[in-house]
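> Numbering (our numbering), first residue to last: 1079 to 1228. Have a look at this one.
So, in structure tokens, the structure goes:
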């Protein structure tokens, strides 16, 4: 099974646009501030250019380094769930899952160590919720993990 990832962050085209605008802002700000410094005229334009450099750098960092992680990732060996506005993160390997109960907007995962985890997936869109449940059923059938509707 291929990796199934749900990420509700900005689209790729929005990220590219923000990166280009941020890069342009940094370069233009650098040009303006260097030219003002070389002419030894520290006017309002010099300080505005410094602010433009900072804002451009923030825009670039926001779509690269500070970009949010996916909220749901699953493949044939593991599952990762980190819903927005929730502190808990659920990470597990499929070999450690003993049984799964599928609820309307949650998953109850019983693991081999005896612990039972309730994973809230109510933050997903309806189509994604259906796809997640069908992917989990497919994995359960391929790995002989018992599952039921709760």
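We put the CB at the ideal spot given by N, CA and C, even for glycine. Just so we're clear, the structure is a prediction, and the values are computed from it rather than from any experiment.
From residue 1141 to residue 1108, what does the alpha carbon distance come to, in whole angstroms?
On the chain shown, position 63 is the one that residue 1141 refers to. On the chain shown, position 30 is the one that residue 1108 refers to. Roughly 21 Å separates the two Cα atoms.
> If you reduce the DSSP assignment to three classes, tell me which class residue 1206 lands in.
Working through the chain shown from its first residue, we reach residue 1206 at position 128. In the structure shown, residue 1206 sits in a helix (DSSP, three-state: H, G or I).
> By a C-beta neighbour count over all protein chains shown, 10 Å radius and 16 as the cutoff for buried, is residue 1130 buried or exposed?
Here residue 1130 is taken as the residue at index 52 of the chain shown, counted from 1. Residue 1130 comes out buried.
> Closest to residue 1183 by CA distance: which of 1204, 1170, 1169 is it?
On the chain shown, residue 1183 is found 105 positions in, with the first residue counted as 1. Out of 1204, 1170, 1169, 1204 has the C-alpha closest to the C-alpha of residue 1183.
> Could you give the DSSP three-state label for residue 1200: helix, strand or coil?
For the purposes of this step, residue 1200 is taken as the residue at position 122 of the chain shown. Of the three classes helix, strand and coil, the one that applies to residue 1200 here is coil, per DSSP.
> Less than 8 Å between the C-beta atoms of residue 1106 and residue 1213, yes or no?
As a working mapping, residue 1106 is identified with position 28 in the chain shown. As a working mapping, residue 1213 is identified with position 135 in the chain shown. Cβ atoms of residue 1106 and residue 1213: not closer than 8 Å.
> For residue 1194, write down the residues that DSSP places opposite it in a beta bridge.
Taking the first residue of the chain shown as 1, we reach residue 1194 at position 116. DSSP, once it has assigned bridges, lists 1188 as partnering residue 1194.
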